[in-house]
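Chains B and A are the protein sequences, given in the same order.
If you read the first sequence in the working numbering, its first letter stands for residue -9, the second for the next number, and so on.
If you read the second sequence in the working numbering, its first letter stands for residue 19, the second for the next number, and so on.
Only one structure is covered here, and it is reproduced in the block below.
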Amino acid sequence: MKHTIRQVFRQSNFLLGFGIFVFLILVVIIYPLLVKYPPLEIIGQGTFFPPGIYASTYDSIHANTKYILNLDEAAAKRISSKLSGDDRVAMKDWLVQYGIPEYEIDILDTAKLLEQWENSYDPSLSFPGMTYARRTYYQRLNTSLQGLLSTEGVTIAAMNPQSNTLEQTGVVNQNDYVNVNEVANVRVLPLGTDNFGRDVLTELVKATSVSLQIGFIAGIVATLIGLTLGLLAGYIGGLVDDIIMFFTNLFTVIPTVVLLILISFSIGQEHRGAFVIAVVIGLTAWYWTTRAVRAQVISLRNRDHVNLSKLSGHSIFHIIFADILPYITSYVVMAFILQISSGILAEASLSILGLGPRTTDVPTLGLMMNWSLIYQAEILGKWWAYLPVIIIIALITFSMNLMNTGLDQVFNPALRD
Amino acid sequence: MTVDREIRRLDLKGYRKYFLNKAMWFAVTFVCAFLLNFILPRLMPGDPVAAIVAHMAQGQSNAAGVQAIYQQYTELFGTNKPMVQQFFIYVKNVFHGDFGFSFSQYPRTVAQVIKSSIVWTLCLQFPAIILGWLIGNTLGALAAYLKKGFDKVLMPISIFVSNFPAFGMAVILLVVFGVSLRWFPTSGGYGYDLIPTFSWKFIWSVIVHYQLPFWSIVLIAIGGQAIGMRSMAIYELNADYVKYSRFMGIKDRKIIGYVFRNAMLPQVTGLALSIGSMVSGALVAEIIFSYPGLGYTILHATMGQDYPLISGTTLIITIMVLVAMFAIDMVYGFIDPRIKAAQSE
């Protein structure tokens, strides 16, 4: 036993898979200890905030110390963040239509371009063939450009409740800086927010944990049923075998997805918790473990040591537990690992079909995928809503399959090089 | 001459026996699937018709109207009758192709909804699965035969692809080729500005929209099949009969023919066994590309709590998969000589 385990842990495929898996488990356990935000808390007002560090504007203005940094490229950076290449081309288009000769316009000369723009732009003008959307785009561009080249600061004013007038409370200069560490409210969102405005990373860690649990429960249910039925069918044989094989064949042929859809739909949205879904997945996946176990048991049934055990008058349970189970443990472990990974995938597919666990208590990887698809994150280019989910699922199934290949190579001499 | 004819007669007899056996087994399975389709939704706690009517009647203040709807549906489903009688009503309706009205797409009937979406699913999934199976097997066989460089490149890719979730592959194809490169449209079965007609413009639009869902299903099918075929072919290449044939001086090309025919057989059964899970992956791919097939219909049915539509679609999918499996088993019976031998004993 000790020797086998040592052999397994020397197998490179198994080690790599096991490493990835342990890493995922550790992240799932440690992250909630460090970051204690509730995973389903809606913090963002709006959909799909991009990943980044969010510092409160209000607190930045009211920070205790202000630092003055004179950086050379500050002005250039400020302008380029407001004025993209597309905007410059669009401005040139407008100016050409307005009547300025094309050779006089240089879109790379920011100062001259802005000057020409300020001199000629008139929001009320509309050229033939210009759509309404295009016109409003120019109006928006114009507002954002206003005062772009000025070097003066911005006045902060507060409403005086007595006189109902604005009173200046401070000035923010262009070279004023604030240290992010001193801003009272900063929230790091490494993966942005999702369509509901929830922190994707925190949600993802929780979802990974729930999905792994679903996989484990589904795997345990499927393996227990599969193992029991396989042992009974293989060892007892006869009528028991015929009945069990009838149902096994039935489940093999009826598409699992159809059963999953029908059962989850029948349970109804309110009763569909993550646990229930896991059990349902397990109840529809046992059949191939049964097949594999039965085939193994049939080949073991007439071995000498089993016959000897029978002659010694041992009970069926003793024979099964002492003389048969030890020989098929490796197969059962491999089947269990595959059941876990296919259980996680089944949950994901079911959720994408709209039949996953109810959405209010816990996130799962499938539900996150479902929501990002419903809100078209993939078409809007909000990669942080779907890509991490796909990567995590791929990592889980990949690590499980690597472990399985590794075990197979240890226990199946025919595959050894 | 007579011996030859005798053998063919026996062959045919054996095959007929095999065919009848399989046909009966599939008939039994179909009956069970049909029963499940009937029973499962009726095990739902509470009155399904009441739940449906409550859902439909949201925002309707006319109590008499709600009562009328309730009564109509009770009649339609026969929920006021005993279970056995309900079953026969259901059987009678289904055999007339009558699944009732779709709740979410009223006044269309379930039969109409399925009729308009099944063509898309059939034309998308089966060609894609078969092509993926063919390419996967060819690649796997080549990897086993050529070994070295080809094998070293192909195998890690296949293992990675086959481990990748089907929907992940679809989303990545969509983002790369649809959103970033803009080579293909991202959703729908044809341009949203077109009306289905037999014009070149419409057909071209269908072809362009077909590409991404098609190749995402093909890619997923390739990975798993290539791995299976490779290990089967390696196993066969090392078998004793290959060494013996070499010893006898039989040409290499002929031996390869034997080897791949033998390695192919488990792959055919493998296709029959995996077609169910492939169809489920393809249904999800349809959702991702908003392809107007059965997968997309199921999503809308679940979102609209459309019970008759779900029941109808799952039954159709079951029939599709059963027919496909039956067809594969029939082909298998033709190409595997052992089956005829076993049956005519």
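Even for Gly, the Cβ is constructed at its ideal location relative to N, Cα and C.
From a predicted model like this one, the values you see are computed outputs, not experimental measurements.
Which of helix, strand or coil DSSP assigns to residue i
i	result
F265(B)	helix
Y57(B)	strand
L128(B)	Leu is not the amino acid found at residue 128(B); the sequence shown has Tyr there. Reduced to three states, the DSSP call for Y128(B) is helix.
Y93(B)	helix
Y167(B)	strand
T133(B)	helix
F202(A)	coil
F119(A)	strand
K99(A)	coil
D432(B)	Outside the displayed span of chain B (-9 to 407) sits residue 432(B), for which this structure offers no information.
M120(B)	coil
F168(A)	helix
E63(B)	coil
G258(B)	coil
V173(B)	coil
Y88(B)	helix
P125(A)	coil
S74(B)	coil
H304(B)	coil
S201(B)	helix
F39(B)	coil
M(-9)(B)	coil
Enclosing alpha helix (DSSP H) for residue i [first to last residue]
i	result
V162(B)	Where V162(B) is concerned, there is no enclosing alpha helix (DSSP H), although the beta strand (DSSP E) it sits in stretches over T155 to V162.
N150(B)	Taken as a continuous stretch (DSSP letters only), N150(B) belongs to no alpha helix (DSSP H), being part of the beta strand (DSSP E) at V144 to N150.
G275(A)	D270 to I306
Y314(A)	L312 to M321
I353(A)	Y325 to I353
I235(A)	W218 to L255
T156(A)	V128 to L164
M235(B)	G228 to V243
N297(B)	D294 to L301
G207(A)	It is not in any alpha helix (DSSP H) - G207(A) carries neither H nor E in the DSSP assignment.
R348(B)	Per DSSP, R348(B) belongs to no alpha helix (DSSP H) and is neither H nor E.
G396(B)	W373 to F401
T100(B)	T100 to S110
G356(B)	L355 to I364
Y262(A)	D258 to M266
V189(A)	A184 to L191
L370(B)	A367 to L370
Where the beta strand (DSSP E) through residue i begins and ends
i	result
L179(B)	V176 to L179
G9(B)	Run containing G9(B): none in the beta strand (DSSP E); it sits in the alpha helix (DSSP H), S2 to L24.
A275(B)	A275(B) -> no beta strand (DSSP E), and no H or E assigned at all.
Y44(B)	G42 to A45
Per DSSP, the bridge partner or partners of residue i
i	result
I32(B)	R188(B)
A312(B)	According to DSSP, which records beta bridges pairwise, A312(B) is partnered with nothing at all.
T183(B)	D189(B)
F44(A)	Paired residue(s): none; F44(A) is not in a bridge.
Proximity to residue i [Cα-Cα], best of the options
i	options	result
E157(B)	T145(B), I257(B) and V168(B)	T145(B)
T47(B)	Y277(B), N3(B), L24(B) and V162(B)	V162(B)
K196(B)	R284(B), P29(B) and I386(B)	P29(B)
L85(B)	G75(B), A66(B), N109(B) and I334(B)	N109(B)
I328(A)	G216(B), R0(B), I251(B) and I95(B)	I251(B)
V25(B)	I271(B), L191(B) and N175(B)	L191(B)
Q243(A)	N181(A), I132(A), I107(A) and I213(A)	N181(A)
R183(A)	S295(A), Q229(A), F56(A) and M42(A)	Here residue 183(A) is Pro; the residue named in the question, Arg, does not match the sequence. Among S295(A), Q229(A), F56(A) and M42(A), the Cα nearest to that of P183(A) belongs to S295(A).
D49(B)	I207(B), T141(B), E172(B) and P40(B)	E172(B)
T350(B)	R262(B), G119(B) and S331(B)	R262(B)
F352(A)	S298(A), D258(A) and V286(A)	V286(A)
I383(B)	W374(B), Q366(B) and L355(B)	L355(B)
P353(B)	P113(B), M81(B), G371(B) and D184(B)	D184(B)
K300(B)	L229(B), T280(B), Y225(B) and P113(B)	Y225(B)
Residue i Cβ short of 8 Å to the ligand ZN heavy atom set
i	result
G288(A)	This structure lacks the ligand ZN, and indeed carries no ligand of any kind.
Identify each residue in the stretch 107 to 132 of chain A for which the Cβ-Cβ distance to at least one residue of chain B is less than 8 Å, and report them in chain order.
Those would be none; no residue qualifies.
Please list, in chain order, the residues of the stretch 173 to 185 of chain A that have any C-beta partner in chain B closer than 9 Å.
Per Cβ criterion, the list reads I177, F178, S180, N181, F182, P183, A184 and F185.
Output needed in chain order: residues of the stretch 332 to 358 of chain B with a Cβ under 7 Å from some Cβ in chain A.
Those residues of the stretch 332 to 358 of chain B that come within reach of chain A (Cβ to Cβ, closer than 7 Å) are L335, A338, S339, I342, L343, G344 and L345.
Near-chain B residues of the stretch 194 to 212 of chain A (beta-carbon distance less than 7 Å), N- to C-terminal order:
Residues of the stretch 194 to 212 of chain A with a Cβ closer than 7 Å to any Cβ of chain B, in chain order: V197 and T204.
Give, in chain order, every residue of the stretch 137 to 161 of chain A whose Cβ lies closer than 8 Å to some Cβ of chain B.
Taking 8 Å as the upper bound on Cβ-Cβ separation, chain B lies near no residue of the stretch 137 to 161 of chain A.
What are the residues of the stretch 310 to 330 of chain A that lie near chain B, defined by any Cβ-Cβ distance shorter than 7 Å?
Taking 7 Å as the Cβ-Cβ cut-off, the stretch 310 to 330 of chain A approaches chain B at I316, L317, T320, M321 and I328, given in chain order.
Using a Cβ cut-off of 7 Å, which residues of the stretch 276 to 290 of chain A contact any Cβ in chain B, in chain order?
From the stretch 276 to 290 of chain A, no residue has a Cβ closer than 7 Å to chain B.
Closer than 7 Å between beta carbons: that is the criterion. Which residues of the stretch 181 to 212 of chain B meet it against chain A?
Within the stretch 181 to 212 of chain B, no residue has its Cβ closer than 7 Å to any Cβ of chain A.
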